[in-house]
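Colleague: Please see the structure below; I have some questions.
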Amino acid sequence: MDSEGRPLELPAGGSRRSVTVIERGGERVGALVHDAILGEEPALVEAAAAAVGMAMENERLHAEVLARLEEVRASRARIVEAGDAERRRVERNLHDGAQQRLVGLSLALAMAASACPPSPVAVTASTHSWPRPPRSWPWPCGSCGSWPGASIPPSSARWGCGERWSRWPSGRRYPCRCGPRSRPRVASPRRWRWPPTS
């Protein structure tokens, strides 16, 4: 093949064109086609063949470097893709865990609210044992925008964190203070009284 990759037939013996084989490291890498009259000057032909061989070797090394660079780019892209997939998985697990804990706490508070005896006076305290969440629960600090990916769980997207934590499902207040940047704190049991005073 020639320099452009097209098939090339070498001239046959006895013609006006001669062929000098180019070898690098004992391996045939090309051929130099020249005028037959240059056979009378073998040193010149050998020098030209050596120069062509070096140029071909440089091209081969350049092609290898480009191939390795392409492999490095592909490997880097795979690493970035794997990192993004792992980040999305961790964010999804965090959001799902927070969603489950919020739903569980809502159910526990609803059960506690249903256990309170009815009273015409607004309920602000009770002698019932109020459920307290475990310390292992990750209380969200700050606004919901500080969560990974700034994604708000569906259970808090409608009413907001403060409204969800500060009210019962039935609409009655319970002894807890909550703010957008504070952890909900349940009042001390020694301060609870029943029935509540007006």
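Each residue of the sequence shown is one higher than the one before, starting from 66 at the first, in our numbering.
We put the CB at the ideal spot given by N, CA and C, even for glycine.
1) For A147 and S83, what's the separation of their Cα atoms in angstroms?
2) Which first and last residues belong to the beta strand (DSSP E) in which A96 is found?
3) For E88, tell me which candidate among R125, R143, A114, A177 has the shortest Cα-Cα distance.
4) In the DSSP assignment, find the unbroken alpha helix (DSSP H) run with R138 in it and report its ends.
5) For S179, I'd like the list of residues in its chain whose CB is within less than 7 Å of its CB, leaving aside the five on either flank, ordered along the chain.
6) Does the pairing of the stretch 132 to 139 with the stretch 106 to 124 give three or more beta-carbon distances under 8 Å?
7) Write down the C-beta distance between V86 and A96 rounded to the nearest angstrom, noting that I regard them as a contact closer than 8 Å.
8) In whole angstroms, what is the alpha-carbon distance linking A150 and R157?
9) Can V94 and G118 be called in contact, C-beta distance under 8 Å?
10) Using the Cα positions of E129 and M121, report the straight-line distance between them to the nearest angstrom.
11) Give the straight-line distance between the Cα atoms of H160 and V168, rounded to the nearest whole angstrom.
12) Who pairs with R81 in a beta bridge, going by DSSP?
13) Grab me the residues of A116's own chain with a C-beta within less than 6 Å of its C-beta, minus the 5 sequence neighbours each way, in chain order.
14) Checking the sheet assignment: what are the DSSP bridge partners for E88?
Modeller: Judging by the given coordinates:
1) 57 Å
2) 92 to 100
3) A114
4) 107 to 180
5) none
6) no
7) 5 Å
8) 11 Å
9) yes
10) 12 Å
11) 12 Å
12) Paired residues: none, contrary to the question.
13) none
14) R93
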